[in-house]
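See structure below.
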Amino acid sequence: MFLVAVFLLAAYSELVFGQPETSTLIEGKRPHSKDSILDTCQALKDDAQVMRHEGYSAIDKADKIREQAYHVKDEAYDIKDEAYEIKESALEARSALEATLVESLALMKNQATASNLYIQEIRTSLSSVLTRMDRLEQGLKDVGQGLGDVEQELEDVGKARYS
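The working numbering numbers the first residue of the sequence shown as 2 and each following residue consecutively.
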């Protein structure tokens with residue numbers, strides 16, 4: 002852009018003041034007539050417009066690339082947020098599972114303790130029943146023996162009476 006400005010300044014000074022004191026850098030020649038100076042100025046103007054157009058095109062491309070980068074960045078943040086939400090829900094699920102397991106184990110421990118106490122009561126009851134059964138059996142033996150003795154006496158009395 003600077004060179005274009007220098008060329009335009011040189012061409013303008015030649016038009017206004019006559020022959021320029023410096024040469025233009027186009028093909029290392031000095032323009033010899035006003036037409037060649039005008040042609041040179043027009044060529045420089047055309048080149049400047051082409052360069053300006055290319056510059057605007059480059060800026061437009063850069064803007065599009067920047068927009069795409071912002072879009073990708075936004076998507077990355079969205080994915081990151083989703084990942085954090087998934088991680089949070091996984092931690093909540095794990096915590097809930099751990100709480101459920103602890104509650105289940107506590108319930109099983111309480112049920113096992115209650116079952117153990119119930120089994121001990123059954124053993125005590127069975128032991129008591131066995132003791133009573135042994136006493137009843139002994140009582141039956143005693144009654145059986147007493148009946149045997151009474152039967153023997155009755156037989157002896159019956160023989161003595163009828164004899």
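Glycine is no exception: its CB is placed at the ideal position from the N, C-alpha and C atoms.
Cα-Cα separation, residue i to residue j
i, j, result
"Ile66", "Ala91", "37 angstroms"
"Asp150", "Thr132", "27 angstroms"
"Glu83", "Leu106", "34 angstroms"
"Leu98", "Glu122", "36 angstroms"
"Ala115", "Val130", "22 angstroms"
"Val144", "Leu118", "38 angstroms"
"Val51", "Lys62", "16 angstroms"
"Arg53", "Ala59", "10 angstroms"
"Lys160", "Glu152", "12 angstroms"
"Ala100", "Met109", "14 angstroms"
"Tyr70", "Glu93", "Looking at the sequence itself, residue 70 is Ala, so the reference to Tyr does not match. Answer to the nearest angstrom: the Cα atoms are 34 angstroms apart."
"Glu154", "Leu137", "25 angstroms"
"Lys81", "Arg95", "21 angstroms"
Residue environment, residue i, which counts as buried when at least 16 other CB atoms sit within 10 Å
i, result
"Leu45", "buried"
"Thr125", "exposed"
"Thr41", "buried"
Neighbourhood of residue i by C-beta distance below 6 angstroms, restricted to the same chain and skipping five residues each side
i, result
"Lys142", "none"
"Leu148", "none"
"Leu76", "It should be noted that the sequence gives Glu, not Leu, for residue 76. None."
Other residues of its chain near residue i: CB distance less than 7 angstroms, five sequence neighbours each side excluded
i, result
"Glu86", "none"
Would you mind listing the alpha helix (DSSP H) stretches within the stretch 83-148 that are 4+ residues and don't spill past its ends, in chain order? If we require 4 residues or more, the stretch 83-148 turns out to have no alpha helix (DSSP H) run fully inside it.
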